[in-house]
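In my numbering, the protein residues as written are 8 to 183. First the structure, in the form of structure tokens, and then the observations on it.
Structure representation (structure tokens):
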């Protein structure tokens with residue numbers, strides 16, 4: 008009975024990607040951290056985002072069984088030979104520099120793509136604020152290389168989404 012109740016909690020969700028068109032001028036809308044909404048970069052029109060509850064609890068065992076490498080077919084993984092970081096990109100994207108250490112020593116690797124995320128947590132600050140914060144932070148670092156301090160520019164900052172997963176377990180333990 009309890010197992011049946013647990014099964015009802017797990018729902019399959021389909022991951023979809025949508026491009027929102029501006030209702031005023033037809034351009035592609037972009038996410039604006041300042042407005043927590045989609046905003047047209049051309050006419051300034053805004054469209055609210057319904058964040059809702061995107062957290063969906065799933066059975067890990069069923070999730071692994073369901074993985075059919077479709078995620079791997081639509082993405083590829085680049086690894087930095089300098090710092091060892093990995094980055095998952097869409098098939099139509101190419102890694103030019105490592106988003107973690109800034110070197111161009113990145114190569115495509117063959118490895119398991121892992122579990123496909125079903126949502127992202129949006130950024131809360133825009134590129135301008137992020138640049139200001141990095142510059143202020145760099146000024147406090149007395150021994151940081153001058154080249155680093157001069158290299159902080161808005162076009163050099165890239166947002167990186169890091170996946171996060173939570174795990175629950177039902178266990179029975181005995182201690183003597």
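For every residue, glycine included, the Cβ atom is placed at its ideal position computed from N, Cα and C.
| Check | Outcome |
| --- | --- |
| Mind checking residue 29: buried by the 16 CB within 10 Å criterion, or exposed? | buried |
| What residues match up with residue 97 in a beta bridge as DSSP calls it? | 82 |
| If you drop the 5 nearest sequence neighbours on each side, which residues of the same chain put their C-beta closer than 7 Å to that of residue 166? | 130 |
| Can you look up residue 54 in the DSSP assignment and give me helix, strand or coil? | strand |
| Could you give the DSSP three-state label for residue 115: helix, strand or coil? | strand |
| Please report how far the alpha carbon of residue 114 lies from the alpha carbon of residue 156, in whole angstroms. | 27 Å |
| How many Å lie between residue 138 and residue 116 at the Cα? | 31 Å |
| Can you tell me which of the three DSSP states residue 28 falls into? | strand |
| Tell whether a beta-carbon distance below 7 Å holds between residue 82 and residue 63. | no |
| Hey, could you find the ends of the beta strand (DSSP E) residue 39 is sitting in? | 37-39 |
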